[in-house]
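Reading through the structure tokens given below for one structure.
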Amino acid sequence: MQTASSPLSGARPPGAEAAGMMLTLTVAEQLCGVPVLSVRDVLGVQVITRIPLAPREVAGSLNLRGRIVTAVDLRSRLGLPARDDGKGAMSVVVEVGGELYSLLADQVGEVLTLNAEERAPNPPTLDAAWCGFSLGVHRLGDQLLVLLDVERLLELSA
């Protein structure tokens, strides 16, 4: 007898849809995605306290409901110029290894469910600095969505 959770029934196992869901964000006009399963919170502009002697990618720390969260500037981490439009960055709080980190992005978009079969490898024209942090790309109309490897992004030098 086949049940709804049986692989023979054609139904997806629990959590399979969430595994293909990506939160979109924009960094220097490039559309990126991070896995929804690693996202804990999305915050507007926050007060960030500088951390002396921290790696250049670390913008500082912020307080999230009494918990200290390390803020990582995606522009700096991806080798892009600093934000000069006077706007603050939005925070995408992710959890990796039991620790919370804030990924600072220019904008946060929507949650998309992506088909894994439609994922393409990094194109040869993708900047080398980005290739180490990219899991691949998806074409969304006339835009290219770069899927970010959150764990690799957070491997910061001391």
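To get our numbering, take the position in the sequence shown, counting from 1, and add 570. Here a beta-carbon is modelled for each residue, glycine too, at the ideal position from N, C-alpha and C. All of these numbers come straight from a predicted model, not from anything done at the bench.
Whether Leu595 touches Cys602 by CB criterion (9 Å): Yes. Within cutoff.
Cβ contact (3+ pairs, closer than 8 Å) linking the stretch 631–640 and the stretch 695–714: no
Euclidean distance between Cα positions of Leu623 and Glu687: Answer to the nearest angstrom: the Cα atoms are 43 Å apart.
Contact set for Arg689: own chain, Cβ-Cβ below 8 Å, skip 5 residues either direction: Leu705, Gly706, Val707, His708, Leu717
Reference Leu726, options Val606, Asp654, Asp643, closest by Cα: Asp643
Three-way DSSP call (helix, strand, coil) for Glu669 in this model: Strand at Glu669.
Per DSSP, the bridge partner or partners of Asp676: The partner list for Asp676 (beta bridge, DSSP) is empty, contrary to what the question assumes.
Integer-rounded CB distance, given that Val662 should sit under 8 Å from Ala641: Between Val662 and Ala641 the Cβ distance is about 10 Å, and since that is not below 8 Å, they are no contact.
Per DSSP, cross-strand counterpart(s) of Val604: Leu593, per the DSSP bridge assignment.
Proximity to Val666 [Cα-Cα], best of Leu593, Gly649, Ala699, Asp719: Asp719
C-alpha gap between Lys657 and Ala629, whole angstroms: 15 Å
Residue from Leu673, Glu627, Gly668, Val639 whose Cα sits closest to the Cα of Pro651: Glu627
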